[in-house]
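Below is one structure, written out as structure tokens; the observations come after it.
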Amino acid sequence: DAKTTQPPSMDCAEGRAANLPCNHSTISGNEYVYWYRQIHSQGPQYIIHGLKNNETNEMASLIITEDRKSSTLILPHATLRDTAVYYCIVREDFNKFYFGSGTKLNVKP
Amino acid sequence: GAVVSQHPSWVICKSGTSVKIECRSLDFQATTMFWYRQFPKQSLMLMATSNEGSKATYEQGVEKDKFLINHASLTLSTLTVTSAHPEDSSFYICSARLAGGLYNEQFFGPGTRLTVL
């Protein structure tokens, strides 16, 4: 079973920042947090991952709390193409990803 | 880089027939590939882990005799749905883990839509 909980859906205005929360209160010390997104009827797309430091790449930023029990994915300037289901994943077993229910992000014009 | 392809992208078959789905890592070697199934409006469910040159390991509740997995090379894994039935209709997605990768990220294929009539 997935070790993460996410809100089922969120709305965001186009051009604004989208902040997607994830709770992973049982995360172990050596487990990474990964974020993927899935646009309708496509395979998931890797976004970002982190261990304990905040991370940023060309797609997004990842903020992990100091106790590592939660994290937030930030899309700085959401566009309509960012409408997707966003999955926060904590690796539970070597190599394996167990997907939770994710957050459906609706970016509105 | 890190592109994973699947073939076919969609398939329709009659009940009782077998269907093979291919998963290829196009520009990297993958010692480990994974197979997921996704029903409409649901999340991805891990079915099995496929290791090159060894038997696949299946998640609890997944019938290994029904979902045959072969990982014959570092760039190819196949999933065969044997004696398919309408309840096997689903979106099948594979992913590949970069061999020697440090961070365990997986790269996903575009998925295969299976419809069993």
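Protein chains in written order, with this note's numbering: chain E, 151 to 259; chain U, 193 to 309.
By construction, the Cβ of each residue, glycine as well, lies at the ideal position given by its N, Cα and C atoms.
Within chain E, partners of Gly301 (chain U) - CB distance below 7 Å: Looking up residue 301 (chain U) in the second sequence gives position 109. Near Gly301 (chain U) (Cβ distances below 7 Å), the residues of chain E are Gly193.
Element boundaries [beta strand (DSSP E), containing Ala168 (chain E)]: One-based indexing of the first sequence puts residue 168 (chain E) at position 18. Run containing Ala168 (chain E): 168 to 173, per the beta strand (DSSP E) assignment.
Under 9 Å by beta carbon: chain E residues contacting Thr267 (chain U): Position 75 of the second sequence, counted from the start, is the residue given in the question as residue 267 (chain U). The premise fails here: Thr267 (chain U) is roughly 17 Å from chain E at the closest Cβ pair, so nothing lies under 9 Å.
Proximity test, Cβ basis, 8 Å: Tyr184 (chain E) and chain U: Walking along the first sequence from the start, residue 184 (chain E) turns up at place 34. When Cβ-Cβ separations below 8 Å define contact, Tyr184 (chain E) makes contact with chain U.
Min CB distance Ser251 (chain E) to chain U below 8 Å: In the first sequence, counting from the first residue as 1, residue 251 (chain E) sits at position 101. By this cut-off, Ser251 (chain E) is an interface position.
For Gly200 (chain E), the residue or residues it bridges with in DSSP: For the purposes of this step, residue 200 (chain E) is taken as the residue at position 50 of the first sequence. According to DSSP, Gly200 (chain E) bridges with E:Val183.
Leu290 (chain U), DSSP secondary structure in three states: In the second sequence, the residue the question calls residue 290 (chain U) occupies position 98. Reduced to three states, the DSSP call for Leu290 (chain U) is coil.
Residues sharing a beta bridge with Leu266 (chain U), DSSP: Translated into positions along the second sequence, residue 266 (chain U) becomes position 74. The partner list for Leu266 (chain U) (beta bridge, DSSP) is empty, contrary to what the question assumes.
Secondary structure, beta strand (DSSP E): runs of 3+ residues fully inside the region 211 to 260 of chain U: Whole beta strand (DSSP E) segments, 3+ residues: 211 to 217, 224 to 230, 237 to 243.
Cα-Cα separation, Thr307 (chain U) to Ser269 (chain U): Your numbering for residue 307 (chain U) matches position 115 in the second sequence. Your numbering for residue 269 (chain U) matches position 77 in the second sequence. Rounded to whole angstroms, Thr307 (chain U) and Ser269 (chain U) show a C-alpha spacing of 21 Å.
Leu230 (chain E) in three-state terms, based on DSSP: Here residue 230 (chain E) corresponds to residue number 80 of the first sequence, with the count starting at 1. Helix at Leu230 (chain E).
Bridge partners - Glu297 (chain U), DSSP secondary structure assignment: Locating residue 297 (chain U) in the second sequence gives position 105, counting from the first residue. DSSP output for Glu297 (chain U) lists no bridge partner at all.
Rounded distance between the beta-carbons of Leu218 (chain U) and Ser197 (chain U), thought under 8 Å: Counting from one through the second sequence, the residue named residue 197 (chain U) turns up at place 5. Counting from one through the second sequence, the residue named residue 218 (chain U) turns up at place 26. Sure, about 6 Å apart at Cβ, within 8 Å.
Boundaries of the beta strand (DSSP E) in which His199 (chain U) is found, first to last residue: The residue labelled residue 199 (chain U) in the question sits at position 7 within the second sequence. In the DSSP annotation of this structure, the continuous segment of the beta strand (DSSP E) that includes His199 (chain U) starts and ends at 196 to 199.
Minimum C-alpha distance to Ala194 (chain U) - residue among U:Gln298, U:Gly303, U:Arg305: In the second sequence, the residue the question calls residue 194 (chain U) occupies position 2. Here the closest residue by C-alpha is U:Gln298.
Beta-carbon contacts of Tyr196 (chain E) that lie in its chain and below 7 Å, excluding the five residues immediately before and after: Within the first sequence, the letter at position 46 stands for residue 196 (chain E). Excluding five sequence positions before and after Tyr196 (chain E), the CB atoms of its chain that fall closer than 7 Å to its own CB belong to Tyr186, given in chain order.
Beta-carbon proximity list for Pro194 (chain E), same chain, < 6 Å, skipping 5 on both sides: Residue mapping note: residue 194 (chain E) aligns to position 44 of the first sequence, counting from 1. So the list reads Tyr186, Gln188, once near-sequence residues are dropped.
Leu309 (chain U) - containing beta strand (DSSP E), residue span: Residue mapping note: residue 309 (chain U) aligns to position 117 of the second sequence, counting from 1. From DSSP, Leu309 (chain U) is part of no beta strand (DSSP E); its letter is neither H nor E.
Beta-carbon proximity of Val183 (chain E) to Ile214 (chain E), cut-off 8 Å: Here residue 183 (chain E) corresponds to residue number 33 of the first sequence, with the count starting at 1. Here residue 214 (chain E) corresponds to residue number 64 of the first sequence, with the count starting at 1. Yes, they are a contact pair.
For Ile285 (chain U), the nearest candidate out of U:Leu271, U:Ser210, U:Glu279 (CA to CA): Counting from 1 along the second sequence, the entry for residue 285 (chain U) is found at position 93. The shortest Cα separation from Ile285 (chain U) among U:Leu271, U:Ser210, U:Glu279 belongs to U:Leu271.
Same chain, Cβ closer than 7 Å to Leu238 (chain U), neighbours up to 5 away in sequence not counted: Within the second sequence, the letter at position 46 stands for residue 238 (chain U). Sequence-distant Cβ neighbours of Leu238 (chain U) in its own chain, meaning closer than 7 Å and more than five residues away, are Phe226, Tyr228, Glu251.
Separation of Thr233 (chain E) from Leu255 (chain E), as counted between CA atoms: As a position in the first sequence, residue 255 (chain E) is number 105, starting the count at 1. As a position in the first sequence, residue 233 (chain E) is number 83, starting the count at 1. If you draw a straight line from the Cα of Leu255 (chain E) to the Cα of Thr233 (chain E), it comes to about 5 Å.
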